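Residue numbers (our numbering), protein chains in the order written: chain A, 147 to 419; chain B, 3 to 428. For reference, the structure discussed in these notes is given below.
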Amino acid sequence: MDIDMLLYRGALLAYLLSTLTYIFSLLIRRVSPARAATWMLTGAFGLHTLFFIVQWLGKGYNPFLRIHDILSCFAWVMAGVYLTFQLRTKTRVLGAFVSPVVFVLMIVSSIGIGGSMTVPEVLKGGLVTIHAMLSVVGEALFAVASVAGFVYLIQDGLIKSKKSNKFIKLFPSLQDLDRINHFCLLWGVPLLTLGVVAGSIWARTVWGSHWQWDPKQIWTLTAWLIYAVLLHQRLAIGWKGHKTAMLSVAAFVLLLATLLVEKSFFTTIHRFY
Amino acid sequence: MNLILIGMNHKTAPVEIRERLSIACNEGFNPLDEIKAIPGVGEALYLSTCNRVEILARTQEHTDAEEGLKSMIYRHGNLGEEDMARCLYVYRDSAAIRHLFRVAASLDSLIMGEPQILGQVKEAYRLAVDHQAAGVILNKLLHRAFRVAKRVRTETGIASHAVSVSYAAVELAKKIFGNLKGKKVLLIGAGEMSELAARHLIKHGGDQIFVTNRTHERAIQMAADFQGVPVDFDHIGDSLREVDIVISSTGATGYILTYDMVAAVLKRRKNRLLFLIDIAVPRDIDPRAGDIDNVYLYNMDNLQDIADDNMQIRRGEAEKGELIVAAETDRYIEWFNTLTVVPTIVSLKEKATGIIHAELERANGWLRNLREEDREGVEILANAIVNKILHDPMTCLKEESQEGSALAYVAAIRRLFRLDGSRDSE
């Protein structure tokens, strides 16, 4: 087996271990296993990073062209963003919610990873990579914002219930979770904006027009709109805490649902393999 | 083992009796010197806190040390023997070890898991060392006790849940705001409980305190206490915009903060999280205010319930602590049992090497005729034979000491090998 695939499997295994350890931490309601899980997640992230580097240097692969690679990139960005927050704030147990998502993404991506690599004509161009990279990072940030929002809602409910509960102690503080939401929206919206712009410029070059009323395009624009509005409300009107957390989660669920509907019932020209 | 622990605590003795003893010990005399002077007492530790007075001593066998200790306590307790005896508990050997471990680990405390007791035990031990009242046995015992306390603290959740109202409030504040650094606190009205909670908040990073009261002079006075800022009572709404945590405890009969006030304030503060603590009875803050998004309202009963629940959690955790104490007690006894065996083995080895040296010395006459390598060979052989012979009895001795029945074997070996010199040879 090639070294890059070895790294990939190692990362996959480490993501699994970290997920299981995080779940164990939740089950026994103690933070100490989560500490170990954070290290495992860091290890997994490291292996995953090496995988990209080796692929890039060794085989000249571009991880932003094929759907499996893009999923793996998505997972990688989510893990990276979470770990960065972990360094800055005490949000350790948030990992118990990020790590499983990352692992599932990796499993889905692993089905087709490492296959043959023939790039269709339509994707040959620097703008495509930029378009995919910015969109992936932007959407991964939204995913982290939503996970943080989900945990926020749980913690908010626990504190409002006015009962003693070991989970209150375990979960991060509301303010830290809200800060993550804020940061992810603040960076996610402009990145996705640039990604969409890059994509539409490229679409003009290869398809002749910026906009094709393609289901995938509509989906992306909807996502962009929802999060842009959310960010606007946050910054201008001061929506904070409970409301933004709820809307972040709702937006993400809605987008996942429409993505599934789109995938099953519509054909899109935005699919290349 | 001859360990004895005599004492009284909050469960067995009313405070009047406990304080008699500890006052007498603090002022009139030095308890350690007096305890050491009791015939038969080898080592001693004296521990006195608000909730307990304990004397731990290692005594010599077949002495009246226990009676001596008791009569000393009766004398200083200045109370009838019967009354005193009812308050006292006496633990011996393993029970005494277990009790000491439980005390150090705060399993025996009035507020289970409170951290001060370990410091007090350490201080008591330091005094015992200063007064040369601690020897091999107590040194080891106390160091073990410190370790037990640390284990119980880190391996169980006994100390990790707030069991007082004001600490429960601080913990909640931390779970809302993460870090209390830079958070502003508004105190409405005066009161012991609210001031205590405010002090805890400041201790954990709370930044600025605003104080308001119906009588402005009182607010100024309190603000001076906290190095805070007095606020006009009629302009509470303005300071509500600034602060993060509000502690209210006025004697007012109606609501000081109504639902509409809080809802309006929240808009003006751009929905920044607000933690309201209402410890007034009757309540100062409309309970419906807690339904507003990003507002967290706790009243006295809520906080008390949490503190009670946490106490329940601590009790559950204490059971794990008891297991640790039991295991560590066994370990200490194990160590104690080898202690008597170890010197026996050492003197057995000394005797054997003594014999080898003496015999080699005696055989020097003909050994001289051998080549140097052969002489060394003979020495090695002699050592090997003796070691082989002693190996099994020594292993057996070590094993028996684990079972706790080593004393008989130790006695036998000492007698068979005449390890105690001429005294036994009579």
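For every residue, glycine included, the Cβ atom is placed at its ideal position computed from N, Cα and C. Keep in mind the model is a prediction, meaning the values are calculated, not measured.
Cβ neighbour criterion (16 or more within 10 Å) applied to residue i
i, result
"Thr165/A", "buried"
"Ala360/B", "exposed"
"Asp286/B", "buried"
"Glu330/B", "buried"
"Val283/B", "exposed"
"Asn366/B", "exposed"
"Pro41/B", "exposed"
"Arg417/B", "exposed"
"Phe313/A", "exposed"
"Lys176/B", "buried"
"Ile382/B", "exposed"
Cβ-Cβ separation, residue j to residue i (assumed contact under 8 Å), whole Å
i, j, result
"Val250/A", "Ala180/A", "Actually they are not in contact, since the Cβ atoms of Val250/A and Ala180/A sit about 19 Å apart, beyond 8 Å."
"Ala67/B", "Leu58/B", "Going by Cβ atoms, the distance from Ala67/B to Leu58/B rounds to 12 Å, so no, they are not a contact pair."
"Lys152/B", "Lys386/A", "Rounded, the Cβ-Cβ distance is 42 Å, inconsistent with contact."
"Met86/B", "Tyr76/B", "5 Å"
"Pro318/A", "Thr237/A", "4 Å"
Residue-chain proximity (residue i, chain A), Cβ-Cβ < 8 Å
i, result
"Tyr76/B", "no"
"Asp426/B", "Note on Asp426/B: pLDDT 34, under 50, position unreliable in the model; the coordinate value appears next. Not an interface residue."
"Leu275/B", "yes"
"Asp311/B", "yes"
"Tyr298/B", "yes"
"Leu198/B", "no"
"Leu49/B", "no"
"Ile178/B", "yes"
"Asp2/B", "This structure does not reach residue 2/B, given that chain B is present from 3 up to 428, and the question cannot be answered."
"Lys183/B", "no"
"Leu174/B", "yes"
"Lys322/B", "no"
"Gly272/B", "For the record, residue 272/B in the displayed sequence is Lys; it is not Gly. Yes, because at least one Cβ of chain A sits closer than 8 Å to the Cβ of Lys272/B."
Residue of the options minimising C-alpha distance to residue i
i, options, result
"Arg439/B", "Trp368/B, Leu143/B, Thr217/B and Gly356/B", "With chain B covering 3 to 428 only, the question about residue 439/B has no answer from this structure."
"Thr368/A", "Met392/A, Gly272/A, Glu408/A and Ser310/A", "Glu408/A"
"Leu393/A", "Val244/A, Ala289/A and Pro246/A", "Ala289/A"
"Phe150/A", "Ser319/A, Ile199/A, Tyr228/A and Val223/A", "Here residue 150/A is Asp; the residue named in the question, Phe, does not match the sequence. Residue Ile199/A is the option with its Cα nearest to Asp150/A."
"Thr339/A", "Leu187/A, Ser218/A and Ser281/A", "Ser281/A"
"Ile37/B", "Ala320/B, Ile8/B and Gly379/B", "Ile8/B"
"Glu352/B", "Ala147/B, Val43/B, Ala320/B and Phe419/B", "Phe419/B"
"Leu188/B", "Ile294/B, Leu278/B, Leu372/B and Glu125/B", "Leu278/B"
"Val245/B", "Ala384/B, Lys183/B and Lys13/B", "Lys183/B"
"Glu173/B", "Asn385/B, Glu63/B and Leu305/B", "Leu305/B"
"Thr355/B", "Ile387/B, His237/B, Leu369/B and Lys72/B", "Ile387/B"
"Ser50/B", "Ser349/B, Thr217/B, Ile19/B and Thr65/B", "Ile19/B"
As assigned by DSSP and simplified to three states, the class of residue i
i, result
"Ser168/B", "helix"
"Met3/B", "coil"
"Val131/B", "helix"
"Thr235/A", "coil"
"Leu81/B", "coil"
"Thr61/B", "strand"
"Leu217/A", "helix"
"Lys312/A", "helix"
"Leu187/A", "helix"
"Lys13/B", "coil"
"Gly323/B", "helix"
"Leu90/B", "coil"
"Leu174/B", "helix"
"Phe419/B", "coil"
"Gly384/A", "coil"
"Asp112/B", "It is worth fixing the name first, because residue 112/B is Leu in this sequence and not Asp. Looking at Leu112/B - three-state DSSP - the assignment turns out to be coil, as it is neither helix nor strand."
"Ile257/A", "coil"
"Leu275/B", "coil"
"Phe148/B", "helix"
"Tyr257/B", "coil"
Near the ligand ADP: residue i beta-carbon under 7 Å from a heavy atom
i, result
"Ile287/B", "In the structure on display, the ligand ADP does not appear, and there are no ligands present to speak of."
Residue-level contact to chain B via CB, residue i, 8 Å cutoff
i, result
"Asp322/A", "yes"
"Gly384/A", "yes"
"Lys389/A", "yes"
"Asp326/A", "Here residue 326/A is Ile; the residue named in the question, Asp, does not match the sequence. For Ile326/A, the answer is no, since every Cβ of chain B falls outside 8 Å of its Cβ."
"Ile300/A", "no"
"Thr235/A", "yes"
"Ser281/A", "no"
"Ser394/A", "no"
"Ser319/A", "yes"
"Ser310/A", "yes"
"Lys409/A", "no"
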